[in-house]
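Contents: one structure, followed by commentary.
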Amino acid sequence: MKKIYIIPIIISILLFSGCEDYLTTVPSDQYTVENFWSSEEEAQAGLTGVYQVLRGYHANQVLYSSQVTPNSSRFDDPGGWRSLARGVAQTTNPLFQSAWDNNYRGIGRANTVIDNVNTENLKETDTDIIDQIVGEAKFLRAYFYFDLVYKFGGVPLILETPDNAIHGEMGRNERSEVITQILIDLEDAIALLALNNDPGRITKGAAMALKARVLLYEERWSEAASTAQQVINLDKYSLFPNYRGLFMLENENNSEVIWDIQFKLTEFGHGYDDAVDRHSNNSPLKGLVDAYYMTDGMSIGESSMYDPEDPYANRDPRLYQTIRLMGHMYNGNIDTEQQLDQTGFGTKKFTTYSDDTEIAEIPGGQSEVNPIVIRYAEVLLTYAEATNEAEGPVESVYDAINQIRNRPTVDMPDLPTGLTQDEMRQEIRHERRIELAMEGKYLEDIKRWKTAEIELNGPVYDWEGNVYENRAFDPDRDYLWAIPTQEIDLNPNLQQNPGW
1 MKKIYIIPII
11 ISILLFSGCE
21 DYLTTVPSDQ
31 YTVENFWSSE
41 EEAQAGLTGV
51 YQVLRGYHAN
61 QVLYSSQVTP
71 NSSRFDDPGG
81 WRSLARGVAQ
91 TTNPLFQSAW
101 DNNYRGIGRA
111 NTVIDNVNTE
121 NLKETDTDII
131 DQIVGEAKFL
141 RAYFYFDLVY
151 KFGGVPLILE
161 TPDNAIHGEM
171 GRNERSEVIT
181 QILIDLEDAI
191 ALLALNNDPG
201 RITKGAAMAL
211 KARVLLYEER
221 WSEAASTAQQ
231 VINLDKYSLF
241 PNYRGLFMLE
251 NENNSEVIWD
261 IQFKLTEFGH
271 GYDDAVDRHS
281 NNSPLKGLVD
291 AYYMTDGMSI
301 GESSMYDPED
311 PYANRDPRLY
321 QTIRLMGHMY
331 NGNIDTEQQL
341 DQTGFGTKKF
351 TTYSDDTEIA
361 EIPGGQSEVN
371 PIVIRYAEVL
381 LTYAEATNEA
391 EGPVESVYDA
401 INQIRNRPTV
411 DMPDLPTGLT
421 QDEMRQEIRH
431 ERRIELAMEG
441 KYLEDIKRWK
451 TAEIELNGPV
461 YDWEGNVYEN
471 RAFDPDRDYL
481 WAIPTQEIDL
491 NPNLQQNPGW
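Laid out in structure tokens, this is it:
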């Protein structure tokens, strides 16, 4: 733990001066502790240091965590994803260390902002601006702790500027204490934040939507449904008509995006296009492709429309808008087994190529497509799931799901009427898997549904039905990640999770 909490706020790490597009501006000034926290510009620079943490591990969670699920795969293992999927990860797995380091780095920076941005230090700054900065920092602290608690369980709960003498050897707080603090921070953020903000910055709606997600994961059904309904009632967000276009560069910050992680060339690009195209990472698996319904709203096992000789015909249009298929056009070429050499499938979401018929070349590390963390369709799905669990399949549950299915470029049939609560539960889970495919949600979903030992155990298959690899998941161990070995070695008061 010593390593984690030594996070000096010497402000070269906090990076930016405040301006309208500060999240994507190259640093031009550096600060020292002696002259910091005295102006709005410096407070905004400090806040930007918190946002900067998101561009590594957290963006990768959106883009790559599907590789641990039956939705997709990875052929190599530099970051620890494949060993985790195969059930052979060790406590030294770099993914565990990255999660711990990045979240606590963000928490330390957020705490420093919260402790220092106030009317005493910023005497000439409007209180509304101070409230906004503190509200954003509290949201981000809640977001970092939420990721930690769902990866590791109870963790040390630090709410002050990092001080190794105080925090260096703290033990783990109870999980319930961390969840309580997350919800307190989100309530504070909702009260402090404005409804509108610059792209990529936190708003009141984002805080409400994250609160709804937390309550859903905690199975506090009525509260989750009520909070999701509050987001809906803002009348600020709507489903973007073009499902594939939702994830394209030219449509960023559209009506459906509640919060995303901002990238901008050439200063802050990422390498997702290079990873999924040239290196065939995050390659979808047959199980995900087979999960897409036929256009009659039935599964491939139930529908008379399904033809095994032409398996991709007449499918839910989201299949074609999410996944590259052999024999289909992508980036100016017909995809073949040579291009899709891992599983026979490829990924379209969050890639730069916006027109399948034209060729675009994106050098490695040069994509500026923003990974979307929260969008309106998720809020509708949260409302539907929570309401179904609290009240059963009432009319508003059907309405929420059918809105998503009726998106103009999707145009799938409405849900069949007369579903039981369990039947509706299965439809909602299916809809989450399809609508949010390759967006970093499915691993969290199957863990909270306690179906991971089924979904994550056994073989996964390529396009021909051949075993691609065998996966393993130990329910007595793998619902939580290991506390990194390095942290256990540094802090004698940290106890390891069971089974590791």
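Numbering (UniProt numbering), first residue to last: 1 to 500. Heads up, the beta-carbon is just placed ideally off N, CA and C, and yes, glycines get one too.
message: Let's test the definition: count the other Cβ atoms within 10 Å of the Cβ of Asn-265 and tell me whether it reaches 16, buried, or not, exposed.
response: The sequence shown places Leu at residue 265, rather than the Asn named in the question. Around the beta carbon of Leu-265, a 10 Å sphere encloses fewer than 16 other beta carbons of the protein chains shown; the residue is thus reported as exposed.
- request: Just tell me which of Lys-138, Glu-223, Gly-153 has its CA closest to the CA of Leu-192.
  value: For the set Lys-138, Glu-223, Gly-153, the Cα lying nearest the Cα of Leu-192 is the one of Lys-138.
message: Only counting the same chain, and skipping five residues up and downstream in sequence, which positions put a Cβ closer than 6 Å to that of Leu-419?
response: Hits under 6 Å: Pro-393.
message: Give me the residue from Pro-371, Lys-211, Ser-226, Asn-71 with the minimum Cα distance to Ser-396.
response: Each of Pro-371, Lys-211, Ser-226, Asn-71 was checked against the Cα of Ser-396, and the nearest Cα belongs to Ser-226.
- prompt: In three-state terms, what does DSSP make of Asp-29?
  reply: No answer about Asp-29 holds up, because its pLDDT of 47 lies below 50 and its placement is not dependable.
field: Meets three-Cβ-pair contact criterion under 8 Å: the region 50 to 66 and the region 117 to 130
entry: Taking a cut-off of 8 Å on C-beta distances, the region 50 to 66 does not touch the region 117 to 130, as fewer than three cross pairs fall below it.
task: Check each candidate in Arg-109, Gln-132, Gly-49, Tyr-145 and name the one with the smallest Cα separation from Glu-160.
output: If we check each option's Cα against that of Glu-160, Arg-109 comes out closest.
- request: Would you decide whether Asp-445 is buried or exposed? Buried here means 16 or more other CB atoms lie within 10 Å of its CB.
  value: Classification of Asp-445: buried, given that the 10 Å Cβ count is 16 or more.
message: Cutting at 6 Å between CB atoms, please list the residues of its own chain near Asn-470, excluding the five before and the five after it.
response: So the list reads Pro-459, once near-sequence residues are dropped.
message: Does Asn-493 pass the burial test, meaning 16 or more other C-beta atoms within 10 Å, or should it be called exposed?
response: Under this definition Asn-493 is an exposed residue.
query: Just curious, the alpha helix (DSSP H) that Gly-245 is in, first and last residue?
result: For Gly-245, there is no enclosing alpha helix (DSSP H), since its DSSP letter is neither H nor E.
task: Output the boundary residues of the beta strand (DSSP E) element that contains Asn-470.
output: 467 to 471 is the extent of the beta strand (DSSP E) around Asn-470.
Residues bridged to Val-257 [DSSP beta-bridge criterion]: DSSP output for Val-257 lists Arg-375 as bridge partner(s).
- prompt: Which residues in the same chain as Gly-431 place their Cβ atom closer than 7 Å to its Cβ, once the five residues preceding and following it in sequence are excluded?
  reply: In the sequence as presented, Gly is not what sits at residue 431; that position holds Glu. Within the same chain, Glu-431 has close Cβ partners Leu-381, Ile-401, Ile-404.
query: On the three-state DSSP scale, how would you describe Leu-325?
result: Here Leu-325 carries a strand assignment [DSSP, helix/strand/coil].
task: Report buried or exposed for Ser-12, applying the criterion of at least 16 other Cβ atoms within 10 angstroms of its Cβ.
output: Low confidence applies here, because Ser-12 scores a pLDDT of 39, under 50, leaving its location unreliable and the question unanswered by this model.
query: Considering Tyr-461, what are the terminal residues of the beta strand (DSSP E) in which it resides?
result: First-last of the beta strand (DSSP E) with Tyr-461: 458 to 461.
query: Among all the DSSP beta bridges, which residues are the ones paired with Phe-96?
result: DSSP lists no partner for Phe-96.
task: Starting from the C-beta of Thr-387, find all residues in its chain whose C-beta is less than 7 Å away, skip the five residues before and the five after it, and write them out in chain order.
output: Once the five neighbours on either side are set aside, the close Cβ partners of Thr-387 are Ala-225, Val-394, Ser-396, Val-397.
message: Going by C-alpha to C-alpha distance, which of Ile-129, Gly-106, Thr-69, Phe-75 sits closest to Glu-40?
response: Comparing Cα-Cα distances from Glu-40 to each of Ile-129, Gly-106, Thr-69, Phe-75, the minimum goes to Ile-129.
Contact set for Asn-281: own chain, Cβ-Cβ below 6 Å, skip 5 residues either direction: A distance below 6 Å between beta-carbons, with the five flanking residues on each side excluded, links Asn-281 to the following residues of its chain, in chain order: Arg-74, Ala-275.
task: Using 10 angstroms around the beta-carbon of Arg-278, count the other beta-carbons present and answer buried if the total reaches 16, otherwise exposed.
output: Classified as exposed, Arg-278 has fewer than 16 neighbouring CB atoms from the shown chains inside 10 Å of its CB.
query: What distance in whole Å lies between the Cβ atoms of Asn-466 and Ala-482, which are believed to be in contact at a cut-off of 8 Å?
result: Ala-482 to Asn-466, Cβ: 32 Å. No contact.
message: Between the alpha carbons of Glu-256 and Pro-371, how many angstroms are there, rounded?
response: Inter-residue distance for Glu-256 and Pro-371 is about 13 Å (C-alpha atoms, whole angstroms).
- prompt: Around the C-beta of Thr-203, are 16 or more other C-beta atoms found within 10 angstroms, so that it is buried, or is it exposed?
  reply: Flag for Thr-203 reads buried.
- prompt: I think Ile-190 touches Ala-207, with their Cβ atoms under 8 Å apart; what is that distance to the nearest whole Å?
  reply: Ile-190 to Ala-207, Cβ: 5 Å. Contact.
- request: Using a threshold of 8 Å, state whether the C-beta atoms of Asp-316 and Thr-295 are closer than that.
  value: Yes.
- request: Count the C-beta pairs between the region 81 to 92 and the region 133 to 147 that are closer than 8 Å, then say yes if the count reaches three, no if not.
  value: The region 81 to 92 is not in contact with the region 133 to 147.
- prompt: What residue from Thr-352, Phe-152, Gln-97 has the CA that sits closest to Tyr-272's CA?
  reply: Comparing alpha-carbon positions, the option among Thr-352, Phe-152, Gln-97 lying closest to Tyr-272 turns out to be Thr-352.
message: Please report the distance separating the alpha-carbon of Phe-146 from that of Val-214.
response: Rounded to whole angstroms, Phe-146 to Val-214 spans 8 Å at the Cα level.
Strand pairing of Lys-264, partner residues [DSSP]: For Lys-264, DSSP records a beta bridge to Phe-268.
- request: Could you round the C-beta distance between Ala-384 and Ile-428 to whole angstroms and report it? I think they count as a contact, below 8 Å.
  value: Rounded to the nearest angstrom, the Cβ distance from Ala-384 to Ile-428 is 5 Å, consistent with a contact under 8 Å.
query: Which residues in the same chain have their Cβ closer than 6 Å to the Cβ of Leu-54, if we skip the five residues on either side of it in sequence?
result: Closer than 6 Å at Cβ, skipping near neighbours: Ile-261.
- prompt: Straight-line CA distance for Glu-464 to Met-298?
  reply: In this structure, the CA atom of Glu-464 is about 22 Å from the CA atom of Met-298.
message: Within a Cβ cutoff of 8 Å, which residues of the same chain sit near Trp-449, ignoring the five residues on either side of it in sequence?
response: Once the five neighbours on either side are set aside, the close Cβ partners of Trp-449 are Arg-429.
- request: Could you tell me which of Asp-422, Val-373, Leu-415, Arg-375 sits nearest to Glu-391, measuring between CA atoms?
  value: Ranking Asp-422, Val-373, Leu-415, Arg-375 by Cα distance to Glu-391 puts Asp-422 first.
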